[in-house]
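Enquirer:
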Amino acid sequence: MPQVAPFHSAGEEDKPGQRRMFHSNDACATGSAIPAAERREGNGGYRQCVDCSRQNEIDALRASATGGAR
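Residue numbers for the sequence shown follow numbering that gives the first Met the number 0, beginning at 0 and rising by one.
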(Lines of atoms letter the chains of each structure in order from A; the text may use other names.)
(Lines give C-alpha, C1' and ligand atoms only; values in the text may rest on other atoms or scores of the structure.)
Protein backbone atom coordinates (compact mmCIF):
# COMPACT_ATOMS: atom_id res chain seq x y z
CA MET A 0 0.00 0.00 0.00
CA PRO A 1 1.27 3.50 -0.63
CA GLN A 2 2.67 5.85 1.89
CA VAL A 3 0.46 8.72 2.96
CA ALA A 4 1.26 12.12 4.44
CA PRO A 5 2.27 11.67 8.10
CA PHE A 6 -0.50 12.11 10.66
CA HIS A 7 -1.13 11.43 14.32
CA SER A 8 -4.12 11.20 16.62
CA ALA A 9 -5.48 14.33 18.31
CA GLY A 10 -5.14 12.50 21.65
CA GLU A 11 -1.56 11.39 21.12
CA GLU A 12 -0.18 13.87 23.66
CA ASP A 13 -2.31 12.21 26.36
CA LYS A 14 -0.45 8.90 25.99
CA PRO A 15 2.79 8.01 27.81
CA GLY A 16 5.81 9.21 25.82
CA GLN A 17 6.90 5.76 24.65
CA ARG A 18 3.42 5.10 23.19
CA ARG A 19 3.16 8.32 21.16
CA MET A 20 3.54 7.76 17.43
CA PHE A 21 2.63 8.97 13.97
CA HIS A 22 1.42 7.00 10.98
CA SER A 23 2.40 7.17 7.31
CA ASN A 24 1.05 4.11 5.50
CA ASP A 25 -2.57 3.36 4.64
CA ALA A 26 -2.01 -0.38 5.22
CA CYS A 27 -1.54 0.24 8.94
CA ALA A 28 -4.56 -1.04 10.88
CA THR A 29 -3.88 1.22 13.87
CA GLY A 30 -3.59 4.35 11.74
CA SER A 31 -6.59 3.39 9.63
CA ALA A 32 -8.70 3.08 12.80
CA ILE A 33 -8.18 6.77 13.65
CA PRO A 34 -11.28 8.66 12.44
CA ALA A 35 -10.53 11.49 9.99
CA ALA A 36 -11.93 14.06 12.43
CA GLU A 37 -9.37 12.97 15.05
CA ARG A 38 -6.34 13.05 12.73
CA ARG A 39 -3.77 15.83 12.89
CA GLU A 40 -1.33 16.54 10.04
CA GLY A 41 2.37 15.92 10.53
CA ASN A 42 4.42 13.68 12.76
CA GLY A 43 3.90 15.77 15.90
CA GLY A 44 7.51 15.12 16.87
CA TYR A 45 6.60 11.52 17.67
CA ARG A 46 8.28 8.30 16.52
CA GLN A 47 6.93 6.42 13.53
CA CYS A 48 4.52 3.56 14.11
CA VAL A 49 6.34 0.21 13.86
CA ASP A 50 3.71 -1.21 11.50
CA CYS A 51 3.94 1.82 9.20
CA SER A 52 7.73 1.62 9.18
CA ARG A 53 7.65 -2.08 8.34
CA GLN A 54 5.05 -1.59 5.60
CA ASN A 55 7.02 1.30 4.09
CA GLU A 56 10.09 -0.97 3.90
CA ILE A 57 8.06 -3.74 2.25
CA ASP A 58 6.61 -1.27 -0.24
CA ALA A 59 10.09 0.03 -1.09
CA LEU A 60 11.41 -3.51 -1.64
CA ARG A 61 8.47 -4.38 -3.88
CA ALA A 62 8.94 -1.20 -5.88
CA SER A 63 12.65 -1.88 -6.40
CA ALA A 64 11.97 -5.50 -7.37
CA THR A 65 9.47 -4.43 -10.01
CA GLY A 66 11.46 -1.50 -11.30
CA GLY A 67 9.34 1.06 -9.49
CA ALA A 68 5.95 -0.22 -10.62
CA ARG A 69 3.38 -1.06 -7.96
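For glycine and all other residues, C-beta sits at the position ideal for the given N, C-alpha and C.
Are the Cβ atoms of residue 6 and residue 45 separated by less than 8 Å?
Expert: Their beta carbons are not under 8 Å apart, which means residue 6 does not touch residue 45 by this criterion.
Enquirer: To the nearest angstrom, how far is the alpha carbon of residue 30 from that of residue 64?
Expert: So the alpha carbons of these two residues sit roughly 27 Å apart.
Enquirer: Excluding the 5 residues preceding and the 5 following residue 47 in the sequence, name in chain order all residues of the same chain whose CB lies nearer than 7 Å to its CB.
Expert: So the list reads 20, 21 and 23, once near-sequence residues are dropped.
Enquirer: What's the gap between the Cα of residue 55 and the Cα of residue 28?
Expert: If you take the alpha carbons of residue 55 and residue 28, they lie about 14 Å apart.
Enquirer: Using CA atoms only, rank isn't needed, just tell me which of 9, 1 and 17 is closest to residue 35.
Expert: Closest option to residue 35, Cα to Cα, is 9.
Enquirer: Could you check whether residue 2 and residue 58 sit closer than 8 Å to each other, using their CB atoms as the reference points?
Expert: In contact: residue 58 and residue 2 (Cβ atoms closer than 8 Å).
Enquirer: Going by the beta-carbon positions, is the gap between residue 40 and residue 62 smaller than 8 Å?
Expert: Not a contact, by the Cβ cut-off of 8 Å.
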